[in-house]
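Student: Before I ask anything, let me first share the structure, which is written out below as structure tokens.
2 protein chains.
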Amino acid sequence: MSFRTPYLMFLGDAADELAAKTAIGVRDWRPEWCIGQMRLDGCNADLGLPDMNVSEAVEKGCGTMIVGVANRGGIISETWADAIVEGIESGMDIASGLHQKLASNPKIREAAEKHGRTLTDVRHPTRDFPVASGVKRKGKRLLTIGTDVSVGKMYTSLAIWREMEKRGMKTTFAATGQTGIFIAGDGVSVDAVVADFISGASEWLSPDADEDHWHVVEGQGSLYHTSYAGVTLGLIHGSQPDALVICHDAVRKTARGLGDKGLPSFEEVIEAGMWAAKNVNPNVEVVGVSINTKSLDDAAAEALMKATEDRLGLPTVDAVRTGVVPIVDKLQ
Amino acid sequence: MSFRTPYLMFLGDAADELAAKTAIGVRDWRPEWCIGQMRLDGCNADLGLPDMNVSEAVEKGCGTMIVGVANRGGIISETWADAIVEGIESGMDIASGLHQKLASNPKIREAAEKHGRTLTDVRHPTRDFPVASGVKRKGKRLLTIGTDVSVGKMYTSLAIWREMEKRGMKTTFAATGQTGIFIAGDGVSVDAVVADFISGASEWLSPDADEDHWHVVEGQGSLYHTSYAGVTLGLIHGSQPDALVICHDAVRKTARGLGDKGLPSFEEVIEAGMWAAKNVNPNVEVVGVSINTKSLDDAAAEALMKATEDRLGLPTVDAVRTGVVPIVDKLQ
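Here the protein sequences line up with chains A and B, keeping their order.
Using numbering that gives the first Met the number 0, the first residue of the first sequence is number 0, and each one after it goes up by one.
Using numbering that gives the first Met the number 0, the first residue of the second sequence is number 0, and each one after it goes up by one.
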């Protein structure tokens, strides 16, 4: 998996900004790859990119149309299919974050075959993985883990990777979900691999590297989230992290999608994460905390970060609000 | 998934007893369903069942041919396909524990379509599962967990289920691997579901039941085995166990398939298992230990069980050698 850049961001008839969450993530972290957006009638999302049609995008050198939008009902509608086929006929590859595979639509499949274009479904594994070997790999790895799902693990990982790049450190972002894959241009949706191969896919994601190279691995799920914890544990074992960063949402009180189930404390998440990671790397350390404070005002955000730092004795940041300098300082 | 009994056990040209391990498990626990074995030239395994061909098996009322044998290379050979097709043409359904799907062989697929027979690949999920809800279910559940993979979790679970049945307790064996599925006649290979649905599949396996009903859930993997621990954690979360039984192989010193990686202690396995299970059921208890002592003589086996019982304060058995009476006593 790896995509020809730049991207045309296809938003279809996205009902709202949330439906375009994936596209927004790509725009935020790879603005230089996003030459424009293509919106159909009824689209209520706006990435702030130039609106363009297929031929305008091709003229600007677009290599891949990114279907970075959630569609209600999970079906590729006829209007979407027509736009995607037009892209294929004009020479674009197509990459999609939809659950439904692009090739399951006969029009799209036939057009791609006829024109020799690539269809990539980033939610579905595009290769087989071996069972994890557990063999220790060279180089350093950082992994984000969370008090819950959807608390900012991807943004935190990306911010750390960018800060390392800025400092000239050797680093790679290892993407484990659809948005991250569009941003990295490569990766594996680890929650979509067959259960036996979670760790194997995770090992593959951060192969041997120079001793001073950092793979920054995007975390998934949470060891305490009873729907997805298996993915999290397999990802920790396969990643062999040297450094863990704990992510949290300042206003989250209950586990997402699990009714009134409460969240674990920072201390519990640290203890469980260290237990899991020590099984593959006895030298692992927790190197910081990243709290998504976007629902708080400046004073409340600062107070929460300060209190957390005092309580845990760990650099505490908001990856978006404050950046991640203190965490990368600790690693460099 | 559920099979028409009785079974004809197809052993193909199994190179040795180990290649017929699945068939041996079925013969041990469902002798009343196994009317015979079918062996081809070169077969070196013997279940001790009457040898018969397809027509003899049909005459005795065989409903399903069980392909309970590992084949080198993972390919359904031509001689196997011919025998399987003959079974289909004679009215049998086919159930296979092979990695390769039965229907991937055109002869087998066409015969099944033509004759309206069922092909079941128990290593592959035959339905979709929801994401786990975490909602507490009625009834009681026992789950086996291990110090490593392949230490006797299935045999221990089956022995507990049988002992409960013998006492007239309400009980169901919930199978999570291929051999168990042939024995139960139903189940899910949890290591073969997509990672996001490990817990969801595990919830589905032991649905709501009477308050005094026990689902005895076959464990998989180990929380400390870094290739498969994700499956184990998802299975624990989805099973919501009330009771855990710790399984161990008396002579295992290193984790299977992981080089010289050592095993966790009983205490570590208990602590990790209780941590995982308490997240879904605060009342969970460890109710016993089952050690596979088949490599030890009577005196050494007895000494090991006694020492373990004294050390942990838990009833300690060998499910095969001593039976599981003390564990079921504790539950009844």
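Idealized CB from N, CA, C, for every residue including glycine.
Using a Cβ cut-off of 7 Å, pull out every chain A residue sitting near T178/B, in sequence order please.
Tutor: Residue mapping note: residue 178/B aligns to position 179 of the second sequence, counting from 1. Those within 7 Å of T178/B in chain A number zero; the least Cβ separation is about 16 Å.
Student: Under 7 Å from any heavy atom of the ligand GDP, does the C-beta of V327/A make it?
Tutor: The ligand GDP is not part of the structure shown, which contains no ligands of any sort.
Student: Helix, strand or coil for F172/B, going by three-state DSSP, please let me know.
Tutor: By 1-based counting over the second sequence, the position of residue 172/B is 173. Of the three classes helix, strand and coil, the one that applies to F172/B here is strand, per DSSP.
Student: Name the chain B residues whose beta carbon is nearer than 7 Å to that of L257/A?
Tutor: Here residue 257/A refers to the residue found at position 258 when the first sequence is read from its first residue. Near L257/A (Cβ distances below 7 Å), the residues of chain B are G133.
Student: Using a Cβ-Cβ cut-off of 8 Å, state whether T78/B counts as contacting chain D.
Tutor: Protein chains A and B are contained in the structure displayed, whereas chain D is not.
Student: Grouping DSSP H, G and I as helix and E and B as strand, with all else coil, what is K139/A?
Tutor: Working through the first sequence from its first residue, we reach residue 139/A at position 140. Looking at K139/A - three-state DSSP - the assignment turns out to be strand.
Student: How about S188/B and I197/B: do their beta carbons lie closer than 8 Å?
Tutor: Along the second sequence, one-based indexing puts residue 188/B at 189. Along the second sequence, one-based indexing puts residue 197/B at 198. No. Outside cutoff.
Student: By DSSP, does V324/A sit in helix, in strand, or in coil?
Tutor: Here residue 324/A refers to the residue found at position 325 of the first sequence. Helix, per DSSP.
Student: Does the CB of D195/A have a neighbour CB from chain B at under 8 Å?
Tutor: Counting from 1 along the first sequence, the entry for residue 195/A is found at position 196. At least one chain B Cβ lies under 8 Å of D195/A.
Student: Just how far apart, CA to CA, sit A111/A and S95/B?
Tutor: Locating residue 111/A in the first sequence gives position 112, counting from the first residue. Locating residue 95/B in the second sequence gives position 96, counting from the first residue. Answer to the nearest angstrom: the Cα atoms are 36 Å apart.
Student: Would a C-beta distance cut-off of 8 Å place I182/A and R38/A closer than the cut-off?
Tutor: By 1-based counting over the first sequence, the position of residue 182/A is 183. By 1-based counting over the first sequence, the position of residue 38/A is 39. No, these two residues do not count as a Cβ contact at 8 Å.
Student: How would you label D296/A, buried or exposed, when you count the other beta carbons within 10 angstroms and need 16 or more for buried?
Tutor: Translated into the one-based positions of the first sequence, residue 296/A becomes position 297. Exposed: under 16 other Cβ atoms inside 10 Å.
Student: Based on DSSP bridge pairs, tell me the residues matched to F9/B.
Tutor: As a working note, residue 9/B is residue 10 in the second sequence. For F9/B, which the question treats as bridged, DSSP gives the partners M37/B and V66/B.
Student: Under 6 Å Cβ to Cβ from I235/A, same chain only, skipping five residues before and after it: list those, please.
Tutor: Locating residue 235/A in the first sequence gives position 236, where the first residue counts as 1. For I235/A, where only same-chain residues beyond five positions count, the Cβ hits under 6 Å are A275 and A276.
Student: Tell me whether Q36/A is buried or exposed, calling it buried when 16 or more other Cβ atoms sit within 10 Å of its Cβ.
Tutor: Along the first sequence, read from residue 1 onward, the residue named residue 36/A stands at position 37. When all chains shown are included, Q36/A counts as buried.
Student: For the stretch 226-241 of chain B, enumerate the residues whose C-beta is nearer than 7 Å to any C-beta of chain A, in chain order.
Tutor: So the list reads S226, Y227, A228, G229, V230, L232, G233 and H236, given in the order they occur along the chain.
Student: Just checking my contact of N104/A with A80/A at CB under 8 Å: how many whole Å lie between their CB atoms?
Tutor: As a position in the first sequence, residue 104/A is number 105, starting the count at 1. As a position in the first sequence, residue 80/A is number 81, starting the count at 1. Contact holds; Cβ gap of about 5 Å.
Student: I need the straight-line Cα distance from M64/A to T170/B, nearest angstrom please.
Tutor: As a working note, residue 64/A is residue 65 in the first sequence. As a working note, residue 170/B is residue 171 in the second sequence. About 54 Å.
Student: Using a 10 Å radius around the Cβ and a threshold of 16 neighbouring Cβ atoms, would you call S264/A buried or exposed?
Tutor: For this step, residue 264/A is matched to residue 265 along the first sequence. Looking at its Cβ environment, which holds fewer than 16 other Cβ atoms inside 10 Å, S264/A is exposed.
Student: On the DSSP letters alone, give me the boundaries of the alpha helix (DSSP H) that H114/B sits inside.
Tutor: Position 115 of the second sequence, counted from the start, is the residue given in the question as residue 114/B. It spans P105 to H114 - the alpha helix (DSSP H) in which H114/B sits, taken as one unbroken run.
Student: Could you name the residues of the same chain whose beta carbon sits closer than 6 Å to that of G11/B, not counting the 5 residues immediately before and after it, in chain order?
Tutor: As a first step, residue 11/B must be located in the second sequence, where it is residue number 12. Counting only Cβ-Cβ distances below 6 Å, and skipping sequence neighbours, we find L39, V68 and W79.
Student: If distances are taken between C-alpha atoms only, which option among G258/A, L243/A and G256/A comes closest to E270/A?
Tutor: For the purposes of this step, residue 270/A is taken as residue 271 along the first sequence, with counting starting at 1. Closest by alpha carbon: L243/A.
Student: Contact criterion: CB-CB distance below 8 Å. Does S89/A meet it with respect to chain B?
Tutor: Here residue 89/A corresponds to residue number 90 of the first sequence, with the count starting at 1. Not one chain B Cβ lies under 8 Å of S89/A.
Student: Leaving out five residues before and five after Q239/A in sequence, what residues of the same chain have Cβ atoms less than 7 Å from its Cβ?
Tutor: Counted from its first residue, the first sequence places residue 239/A at position 240. Excluding sequence neighbours, Q239/A sits near K135, R136, R140, V279 and N280.
Student: Taking the C-alpha atoms as reference points, what is the distance between D92/B and V53/B?
Tutor: Position 93 of the second sequence, counting from 1, holds the residue named residue 92/B. Position 54 of the second sequence, counting from 1, holds the residue named residue 53/B. If you take the alpha carbons of D92/B and V53/B, they lie about 12 Å apart.
Student: Any C-beta of chain A sitting closer than 8 Å to the C-beta of N278/B?
Tutor: Numbered from 1 along the second sequence, position 279 holds the residue referred to as residue 278/B. Judged by the 8 Å Cβ criterion, N278/B is in contact with chain A.
Student: Return the chain-ordered list of same chain residues with a C-beta closer than 8 Å to the C-beta of V84/A, the five sequence neighbours on each side being excluded.
Tutor: As a position in the first sequence, residue 84/A is number 85, starting the count at 1. Cβ within range, chain order: K106, I107 and A110.
Student: For G145/B, which option in A254/B, D241/B, S294/B and A173/B has the closest C-alpha, if you only look at C-alpha atoms?
Tutor: The count along the second sequence starts at 1 and reaches residue 145/B at position 146. Closest by alpha carbon: A254/B.
Student: Let me know the secondary structure DSSP gives D120/A once reduced to three states.
Tutor: Locating residue 120/A in the first sequence gives position 121, counting from the first residue. Reduced to three states, the DSSP call for D120/A is strand.
Student: Which residues share a DSSP beta bridge with V288/B?
Tutor: Counted from its first residue, the second sequence places residue 288/B at position 289. The partner list for V288/B (beta bridge, DSSP) reads I245/B and T315/B.
Student: Please state the DSSP three-state secondary structure of H224/A.
Tutor: Within the first sequence, numbered from 1, the residue matching residue 224/A stands at position 225. H224/A falls in the coil class under three-state DSSP.
Student: Let's test the definition: count the other Cβ atoms within 10 Å of the Cβ of D50/B and tell me whether it reaches 16, buried, or not, exposed.
Tutor: Here residue 50/B refers to the residue found at position 51 of the second sequence. Exposed is the call here.
Student: DSSP puts W213/B in a beta bridge; with which residues?
Tutor: For the purposes of this step, residue 213/B is taken as the residue at position 214 of the second sequence. According to DSSP, W213/B bridges with K139/B and T170/B.
Student: Which whole-angstrom value describes the C-beta separation of V130/B and A173/B, a residue pair presumed to lie in contact below a C-beta threshold of 8 Å?
Tutor: Start at 1 with the first residue of the second sequence, and residue 130/B comes out as number 131. Start at 1 with the first residue of the second sequence, and residue 173/B comes out as number 174. No, V130/B and A173/B are not in contact; Cβ-Cβ is about 19 Å, not under 8 Å.
Student: Would you identify the three-state DSSP class for D50/B, choosing helix, strand or coil?
Tutor: Your numbering for residue 50/B matches position 51 in the second sequence. Three-state result, D50/B: strand.
Student: Rounded to whole angstroms, what is the Cα-Cα separation between K100/B and Y223/B?
Tutor: One-based indexing of the second sequence puts residue 100/B at position 101. One-based indexing of the second sequence puts residue 223/B at position 224. Each residue's Cα considered, the two are about 31 Å apart.
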